[in-house]
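Asker:
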Amino acid sequence: MSKIALNDYPKDAWLDMLKTMQLIRTFEEKAGQMYGLRKIGGFCHLYTGQEAVATGMISALDLEKDYVLTAYRDHGHALACGIDPKAAMAELFGKVTGVSRGKGGSMHFFDAKRHFLGGNGIVGAQIPVATGVAYAQRYQKTGGVTLCFFGDGAFHQGALHESFNLARIWNLPIVYVVENNQWGMGTNWKKVSANPDFAETAKAYSMKGYVCDGLDILDVYHVAREAVAGARNGEPAFIEASTYRYKGHSMSDPQKYRTREEVDAYKQRDAILLLKSRLEAANMLNQEEWDTIVALCETQVDESVEFAEKSPEPAPGELFTDIFA
Amino acid sequence: MSELTYREALNRAMDEEMARDGNVFIIGEEVGEYDGAYKVSKGLLAKYGPERVRDTPIAELGFTGLGVGAAIAGLRPVVEWMTHNFALLALDQVVNNAAKMRQMSGGQLKVPVVFRGPNGPAEYLAAQHSQSFAAYWAHVPGLKVVAPATPADAYGLLKSAIRDDNPVVVLEAEMMYSWKGEVPDHEYLVPIGKANVVREGSDLTLITFSKPLRVTLESAEMLAQKGIQAEVIDLRSIRPLDEETLYASVRKTGRCIVIDEAWPMASVGSHVAWLISKNCFDTLDAQVELVSGEDVPMPYNHNLELLAQPSARKIIDAAKKVLYREDL
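These protein sequences, in sequence, are chains A and B.
Going by this note's numbering, the first sequence runs without a break in its numbering and finishes at 327.
Going by this note's numbering, the second sequence runs without a break in its numbering and finishes at 361.
1) 7 Å is my cut-off, CB to CB: does Ala-106 of chain B come that close to chain A?
2) Closest Cβ-Cβ distance between Asp-293 of chain B and chain A: below 7 Å?
3) Using a threshold of 7 Å, state whether the C-beta atoms of Leu-190 of chain B and Val-179 of chain B are closer than that.
4) Is there a Cβ of chain B sitting closer than 7 Å to that of Thr-301 of chain A, yes or no?
5) Run down chain B in chain order and give the residues with a C-beta less than 7 Å from the C-beta of Ile-124 of chain A.
6) What's the C-alpha gap between Met-253 of chain A and Arg-75 of chain A?
7) Mind checking Glu-181 of chain A: buried by the 16 CB within 10 Å criterion, or exposed?
8) Use the C-beta contact count for Thr-183 of chain B: other C-beta atoms within 10 angstroms, 16 or more gives buried, fewer gives exposed.
9) Where in the segment 100 to 173 of chain B do unbroken runs of the beta strand (DSSP E), each at least 3 residues long, occur, reported from the N-terminal end onward?
10) Please list the residues of the segment 311 to 324 of chain A that have a C-beta atom closer than 8 Å to any C-beta atom in chain B, keeping them in chain order.
11) Please identify the residue among B:Ala-155, B:Gln-164, B:Lys-133, B:Asn-44 whose C-alpha is closest to the C-alpha of Glu-113 of chain B.
12) If the criterion is Cβ atoms closer than 7 Å, does the pair Leu-20 of chain A and Leu-277 of chain A meet it?
13) Got a sec: is the Cβ-Cβ distance from Gly-164 of chain A to anything in chain B below 7 Å?
14) Quick check on Asp-218 of chain A: does DSSP put it in helix, strand or coil?
15) Taking the C-alpha atoms as reference points, what is the distance between Gln-52 of chain A and Leu-287 of chain A?
16) Is it buried or exposed for Trp-307 of chain B, if we count other Cβ within 10 angstroms and need 16 for buried?
17) With three or more beta-carbon pairs closer than 8 Å as the criterion, would you say the segment 89 to 98 of chain A touches the segment 107 to 118 of chain A?
18) In whole angstroms, what is the alpha-carbon distance linking Ala-228 of chain B and His-304 of chain B?
19) Just checking: is the beta-carbon of Asn-118 of chain B within a distance shorter than 7 Å of some beta-carbon in chain A?
20) For the alpha helix (DSSP H) that contains Leu-356 of chain B, what are its first and last residues?
21) Can you check whether the C-beta of Leu-356 of chain B is within less than 7 Å of a C-beta belonging to chain A?
22) I want to verify the contact list: residues of chain B whose CB lies under 7 Å from the CB of Pro-238 of chain A, in sequence order.
23) Could you name the residues of the same chain whose beta carbon sits closer than 7 Å to that of Pro-136 of chain B, not counting the 5 residues immediately before and after it, in chain order?
24) Let me know if Arg-103 of chain A comes out buried or exposed under the rule of 16 or more other beta-carbons within 10 Å of its beta-carbon.
25) Tell me the DSSP secondary structure of Asp-113 of chain A in three-state form.
26) 7 Å is my cut-off, CB to CB: does Ser-254 of chain A come that close to chain B?
27) Tell me, which residues are paired with Asp-293 of chain B by DSSP?
28) Cα separation between Met-3 of chain A and Leu-149 of chain A?
29) Which ranges does the alpha helix (DSSP H) cover as unbroken runs of at least 4 residues, wholly within the segment 132 to 217 of chain A, from first to last along the chain?
30) Pro-110 of chain B and Phe-58 of chain B - do their beta-carbons sit closer together than 7 Å?
31) Assuming the contact rule is C-beta atoms closer than 8 Å, Ala-226 of chain A and Met-59 of chain A should be a hit. Round their C-beta distance to whole Å, please.
32) Can you give me, in chain order, the residues of the segment 142 to 172 of chain B that have a beta carbon less than 7 Å from any beta carbon in chain A?
33) Looking at the C-beta of Asp-198 of chain B, does it have a partner C-beta in chain A at a distance below 7 Å?
34) For Gly-287 of chain B, which residues in the same chain have their Cβ closer than 7 Å to its Cβ, ignoring the five residues on either side in sequence?
35) Looking at Thr-50 of chain A and Glu-300 of chain A, is the spacing between their C-beta atoms short of 7 Å?
36) Along the chain, where does the beta strand (DSSP E) containing Asn-229 of chain B start, and where does it finish?
As structure tokens, then:
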């Protein structure tokens, strides 16, 4: 059960989150199809199932001054930061109109204007970088906070532990979020965690450790607001959001490590349906409004594919650009 | 003109740049209270305070990555590595983030960070503390790499590095910190990407960078006593590399020896030797020789460690080959 009620926040906030989650879901399903059609190549990690985490967390930010960094499963976070689905899909297609001008691909979405700083393909490598962004925010007294996402697979990287220590000794305005989707590629997190209580490990660095139900966006949003408010006052924090990915680690994952029953069980508690049914029960959403959201997302995503298809490839000369400032 | 040590020249560069730009800060192990493991940041904590001269825990990966993040968010960090030997722990942040974030973002980000510290062998430090990693950094597109060999260049190149909007790796050397040289009193920058013809000559070209400049100049002096005029070029900047200055010299002399204290395989020296062989082929009168560090982990014993490094004698031996003379 979530600790808060829908009425604790404005109805529009929840409807915006519902729309964002549905946009991510629709986008990712289309990306999967486009991958099957070989419009998208390489490593492509879909966020389907985890939508409530990026959406609820990022909704708690003020992106005028706050920043977001994440790992390679980054489409959802980018869309939640307000990146145009057209630029996102074009990036997957490797087109020059993509959010990283076709040079980053699925794993390296960037939008500096929207304060989305990647998109990192090395497990845990964004964690020290995010810590440095928070260092700059404190140094320049911007009042901003950095939100740093990573998966359970990153939790045991030295980069994480070094960063936790730095954030605490310098009281940096940062919130670290582990999206525990249970599987680091094909390895269950419990099998490789000496202490499966991640929040307790954060406490080892004298950092506040929160736990939230990553499928329940009410809980995610509530915990995120509290952690972000603390970080703004120089209290770095850590949140474990337990969640689940419906698709494989990447598009090339046969998923022999888990059962169909496990996946289906999680789909019974789908994050989007959970919020939708709550809003309906509270008379904040009717069928017609929901149908409109679904249709709008489909249109947006269809348009993103059309845009990506029609966009030009980077010219050969682009090979040598964007390397040095 | 003042006579400064290499260490003092670096210190003056950082001091001036910190005074000039409030976004410049120093971060690393022992940079503050201890005044720097090699005293390069001496006095700066007292002058600029702990926010701008930041002592870190021993966590190279963490604070190097933090420097990258601070740079993309608008600061100009100077990350001090106590030595480049320890920077291996931070290799991922330099290679995968500092060098690539601009390109991966399609040109949206800039990464104005400096990574600096002593590189290469000193004395009695044994295998783990006596390594030249110039090639590790030079290999990576997206990085700039400089190797000042004199106090004047240490000052001018570090200032350029701090003002550069790209990640710059600075190769210093423990032995050089106490070396003295004339440094102009007025402010100046040494441009990144320009080699320096340290000594002019017409008979052969000696190309080197960093600490081996000293033994290279010694060998040039010994050759001069035999009537051979060696031109000595200090690369100063390894990436970008000032190829034109090198080719102009070799086209004049027709003979070339490259001196690099690193191991020979896939080194800066072997790369430069290949470039000269390829691009000056028509004008070469002999094969290009490479005087490198010996291909062994550095031993502790002093006689052995000296044997492992380039020396004036080894350069003269190479000169015998390219000049076809046994009497040198």
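Backbone N, C-alpha and C define an ideal beta-carbon position, used for all residues, glycine too.
Just so we're clear, the structure is a prediction, and the values are computed from it rather than from any experiment.
Answerer: By the coordinates alone:
1) yes
2) no
3) yes
4) no
5) Asp-125, Asn-129
6) 12 Å
7) buried
8) buried
9) 109 to 113, 147 to 151
10) Thr-323, Asp-324
11) B:Asn-44
12) yes
13) The amino acid at residue 164 of chain A is misidentified as Gly; the sequence shows Glu. It does; some Cβ of chain B falls within 7 Å.
14) coil
15) 22 Å
16) exposed
17) yes
18) 16 Å
19) no
20) 345 to 356
21) no
22) Within 7 Å Cβ-Cβ: nothing; Pro-238 of chain A doesn't reach chain B, min ~13 Å.
23) With the sequence shown as reference, residue 136 of chain B is identified as Gln, and Pro is not the correct amino acid for it. Correct list, in chain order: Gly-175.
24) buried
25) strand
26) no
27) B:Ser-325
28) Confidence at Met-3 of chain A is low in this model, with a pLDDT of 45, below 50, so its placement is unreliable and the value that follows should be read with caution. Straight-line Cα distance between these residues: approximately 25 Å.
29) 160 to 171, 200 to 206
30) yes
31) 4 Å
32) Leu-142, Lys-143
33) yes
34) Thr-316, Leu-317, Asp-318
35) no
36) 229 to 232
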